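Numbering (the numbering used here), first residue to last: 3 to 116.
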């Protein structure tokens, strides 16, 4: 009986750890906002009337899926090619050097913009 209790405690602990890892792997909007600020994204983009009004991101979470937002940062030329016309300032010319966690956080932040 004691062995079963030990196995169950281990399984519950492992499940909690897996949930915490999964939640972190998805990113957090608060951390993503900090990435957005640190990388000076407002130089080209606007959120809530702050930043460059030419490329607003308000409502990005309703217009773009998480995968589309991710591709904008990992394969921007591919996303630009799908647009009806090329933007004057292209993301493909930017040097997006985010580590995987920072990208997950930024995606979570942009997804939160409804």
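Think of the CB as a built atom: it goes at the ideal place given N, C-alpha and C, for glycine as much as any other residue.
Quick caveat, the model's predicted, so the values are computed rather than measured.
Cβ-based neighbour list, residue i, same chain, cut-off 6 Å, excluding 5 preceding and 5 following
i: residue 92; result: 82
i: residue 71; result: 109 and 112
Proximity winner among the options, relative to residue i (alpha-carbon distances)
i: residue 89; options: 112, 79 and 65; result: 79
i: residue 114; options: 94, 75, 99 and 59; result: 59
i: residue 75; options: 116, 38, 51 and 49; result: 38
i: residue 73; options: 116, 102 and 40; result: 102
Residues sharing a beta bridge with residue i, DSSP
i: residue 48; result: 53 and 58
Cβ neighbour criterion (16 or more within 10 Å) applied to residue i
i: residue 104; result: buried
i: residue 106; result: buried
i: residue 63; result: buried
i: residue 110; result: buried
i: residue 125; result: The structure shown does not extend to residue 125, since the chain is modelled only from 3 to 116, so the question has no answer here.
i: residue 34; result: buried
i: residue 29; result: buried
i: residue 116; result: exposed
Segment limits, alpha helix (DSSP H) that includes residue i
i: residue 102; result: 102-113
i: residue 78; result: 78-83
i: residue 31; result: 31-40
8 Å CB neighbourhood of residue i in its chain, flanking five on each side removed
i: residue 45; result: 53 and 54
Residues near residue i by beta carbon distance below 7 Å, same chain, minus five either side
i: residue 43; result: none
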